[in-house]
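Visitor: I am attaching a structure below and will ask some questions about it afterwards.
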Amino acid sequence: MNIIVCVKQVPDTAQIKLNPETHTLIRDGVENILNPYDAEALETALVLKDKYGARVTVVTMGPPQAKEILKEAIAKGADEAVLLTDRAVAGSDTLATSRAIAALVKSCGGFDLVLCGREASDGCTAQVGPEVAEHLGIPQITSALKVDFKDGKFLV
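In terms of my numbering, the sequence shown is residues 101 to 256.
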């Protein structure tokens with residue numbers, strides 16, 4: 101069983117402030133962390149790994165410093181981590197982001213399950229995960245509370 105988990109580096113929400121003129125996040129000087137919703141998806145994958153011997157690959161798109169969240173995922177038990185970093189995708193909207201992540205997922209080889217967190221805490225659009233599934237041509241379920249595996253099928 102091969103599981104891919106899509107994760108994102110986000111500003112620590114306990115430290116963020118809004119620019120009063122642009123109403124955008126002020127990211128300067130704010131520590132980046134593993135998106136909490138993606139941490140839940142990773143934990144789900146690691147439970148499946150422990151129960152069924154799955155291989156867990158974590159993927160992300162972001163600047164070079166995003167490798168820190170990949171190191172964290174490996175420390176938690178992921179088997180492999182892949183970073184897509186390219187100025188061509190910097191600042192992408194959700195559609196461009198989902199296309200890039202879907203291509204990254206495809207480049208990892210075969211997969212049985214792709215997990216994404218509910219949404220990124222810095223944008224709160226909840227669009228990237230469903231769009232990745234669409235680009236991959238696979239079914240999707242959002243807001244899943246539990247994932248298990250029985251008789252060759254995932255139970256969500």
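Each residue gets a CB set at the ideal place from its N, CA and C atoms; glycine is no exception.
Which value, in whole angstroms, describes the spacing of the CA atoms of Leu204 and Leu184?
Guide: If you take the alpha carbons of Leu204 and Leu184, they lie about 7 Å apart.
Visitor: DSSP on Arg155, reduced to helix/strand/coil?
Guide: Strand, per DSSP.
Visitor: Closest by CA to Ala196, which one among Gly229, Gly210, Leu213, Leu215?
Guide: Minimum Cα distance to Ala196 is reached at Gly229.
Visitor: Opposite Phe249 in the DSSP bridges: which residues?
Guide: Phe254, per the DSSP bridge assignment.
Visitor: Which residues in the same chain have their Cβ closer than 6 Å to the Cβ of Gly177, if we skip the five residues on either side of it in sequence?
Guide: Excluding sequence neighbours, Gly177 sits near Leu146.
Visitor: Could you please give the first and the last residue of the uninterrupted alpha helix (DSSP H) stretch that includes Val205?
Guide: Element bounds for Val205: 194-207.
Visitor: Measure the CB-CB distance between Asp179 and Asn102 and report whether it falls below 7 Å.
Guide: It is not a contact, given that the beta carbons lie outside the stated cut-off.
Visitor: Count the other CB atoms within 10 Å of the CB of Ser198; is the residue buried (16 or more) or exposed (fewer)?
Guide: The residue in question, Ser198, is buried, as its Cβ has 16 or more Cβ neighbours within 10 Å.
Visitor: Take every Cβ of the region 184-193, pair it with every Cβ of the region 216-224, and state whether three or more of those distances are shorter than 8 Å.
Guide: The region 184-193 vs the region 216-224: no contact.
Visitor: Along the chain, where does the beta strand (DSSP E) containing Ala181 start, and where does it finish?
Guide: From DSSP, the beta strand (DSSP E) with Ala181 extends over 180-184.
Visitor: Tell me the DSSP bridge mates of Val214?
Guide: The partner list for Val214 (beta bridge, DSSP) reads Ile104.
Visitor: With 16 as the cutoff for other CB atoms within 10 Å, does Ile169 come out buried or exposed?
Guide: It counts as buried.
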